[in-house]
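Structure first, commentary second.
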Amino acid sequence: MARWEEIEKDAPEFAARVRALFEAGTNKTIATLRRDGSPRISATEAQFTDGELTLGSMPGAVKLLDLRRDPRIAMHSPTLEPPADDPASGPGDAKLSGRAVEMPLPPDTPHADAAFFRIDIDEVALTYVGTPADHLVIESWHAGRGYRRRTRT
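UniProt numbering puts the first residue of the sequence shown at 1, with every later residue one more than the last.
Okay, here's the thing in structure tokens:
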């Protein structure tokens with residue numbers, strides 16, 4: 001598992017592109033696990049702060065209950081549609097998975113019973129249509145393996 005700053009040090013250009021996609025919109029999609037093990041998706045706001053990827057949760061939120069029971073998560077960046085006539089000009093999609101680690105609340109948090117997490121990251125992926133637009137490019141980073149780029153037709 002890695003903190004965001006470790007990915008930035010290991011693969012800086014890749015990390016910058018992934019971060020730009022996650023920061024392209026306020027709402028990200030997070031997947032957590034329900035009590036019965038089935039997936040739950042929720043909107044969340046996540047930020048890159050001091051070398052960490054962090055997120056908060058309102059008190060009583062079901063995703064908070066999920067994370068406290070089982071910290072495994074997957075997160076997807078906001079989706080940005082490429083022009084229909086030029087799919088290779090789109091920025092692609094960024095995804096990551098890891099574990100949410102609960103941290104002390106930031107001092108300016110208005111709800112004392114809210115929760116704050118940093119994400120220990122197992123893997124990060126960036127997928128986009130290549131140029132020419134006849135293949136998919138998959139760039140990824142995995143803890144213990146590092147950065148990799150491959151294509152698929």
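Backbone N, C-alpha and C fix where the C-beta goes; we use that ideal spot for every residue, glycine too.
Keep in mind that this is a model prediction, so the values were computed, not measured.
Problem - L80 classed as buried or exposed, judged by whether at least 16 other C-beta atoms fall within 10 angstroms - result: On the sequence shown, residue 80 is found 80 positions in, with the first residue counted as 1. It counts as exposed.
Exercise for the section: Work out the CA separation of L136 and A86 for me, nearest whole Å. Expected result: Counting from one through the sequence shown, the residue named residue 86 turns up at place 86. Counting from one through the sequence shown, the residue named residue 136 turns up at place 136. The question names Ala, yet the displayed sequence has Asp at residue 86. Rounded to whole angstroms, D86 to L136 spans 14 angstroms at the Cα level.
Problem - Neighbour-count burial assignment, I121, 16 or more Cβ in a 10 Å radius - result: Position 121 of the sequence shown holds residue 121. By the neighbour-count definition (other C-beta atoms within 10 Å, threshold 16), I121 is a buried residue.
Handout entry: C-beta contact flag for P71 and D113 at 8 angstroms
Key = By 1-based counting over the sequence shown, the position of residue 71 is 71. By 1-based counting over the sequence shown, the position of residue 113 is 113. No. Outside cutoff.
Problem - E23 versus L53, M1, R99, R152, residue with shortest Cα-Cα distance - result: Here residue 23 refers to the residue found at position 23 when the sequence shown is read from its first residue. Cα-wise, what sits closest to E23 is L53.
Problem - Reference I7, options R145, G56, A84, closest by Cα - result: Counting from one through the sequence shown, the residue named residue 7 turns up at place 7. Nearest of R145, G56, A84 to I7, Cα basis: R145.
Problem - Heavy atom of the ligand PLP within 7 angstroms of R34 beta-carbon - result: Ligands displayed in this structure: none; no statement on the ligand PLP is therefore possible.
Exercise for the section: Quickly, what does DSSP pair T131 with across the bridge? List them, please. Expected result: The sequence position of residue 131 within the sequence shown is 131, counting from 1. None, per the DSSP bridge assignment.
Handout entry: Assigned secondary structure, P39 (DSSP; H/G/I helix, E/B strand, else coil)
Key = As a position in the sequence shown, residue 39 is number 39, starting the count at 1. Correct three-state label for P39: strand.
Problem - Test: E5 CB closer than 8 angstroms to a CB of chain C - result: No chain C appears in the structure shown, which is made up of a single protein chain.
Handout entry: For D120, three-class secondary structure by DSSP
Key = Locating residue 120 in the sequence shown gives position 120, where the first residue counts as 1. Strand at D120.
Handout entry: For A94 and L21, believed in contact at Cβ under 8 angstroms, the rounded distance
Key = For the purposes of this step, residue 21 is taken as the residue at position 21 of the sequence shown. For the purposes of this step, residue 94 is taken as the residue at position 94 of the sequence shown. Between A94 and L21 the Cβ distance is about 4 angstroms, and since that is below 8 angstroms, they are a contact.
Problem - Residues bridged to W141 [DSSP beta-bridge criterion] - result: The residue you call residue 141 lines up with position 141 of the sequence shown. Partner(s): V124, Y147.
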